[in-house]
Amino acid sequence: SQLIRSRRAHVEDWIAVLVANHLFSGLDAYVSANLWDLPAELSVHPTSTGTNVGLTLHVR
767 SQLIRSRRAH VEDWIAVLVA NHLFSGLDAY VSANLWDLPA ELSVHPTSTG TNVGLTLHVR
């Protein structure tokens, strides 16, 4: 009985993870589709103390 409840809880957890994963994937696809033509340049350069990240946006 305890084992069945434990297994049910694990199944519910996996279902929640699966649903969250699909929601985040859908959101990522939506954002990517809307920003695909954004005139931006991203640059990443290593430095002696870490990493330097730069973003340039061209405004029309």
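If you count by my numbering, then the sequence shown holds residues 767 to 826, one letter each, in order.
Glycine included, each C-beta is placed from N, C-alpha and C at the ideal position.
By the DSSP assignment, the alpha helix (DSSP H) with residue i in it spans what residues?
i: V777; result: 768–801
Residue range of the beta strand (DSSP E) that residue i falls in?
i: V825; result: Note, V825: premise wrong, no beta strand (DSSP E); not H, not E.
i: S809; result: 806–813
With residue i and residue j assumed to form a contact (beta carbons below 8 Å), what rounded beta-carbon distance in angstroms separates them?
i: A712; j: L821; result: For the chain, the structure presents residues 767 to 826; residue 712 sits outside this window and is missing.
i: T817; j: V810; result: 6 Å
Residues in the same chain with beta-carbon distance under 8 Å from residue i, minus the five sequence neighbours each way, listed in chain order, please.
i: E778; result: none
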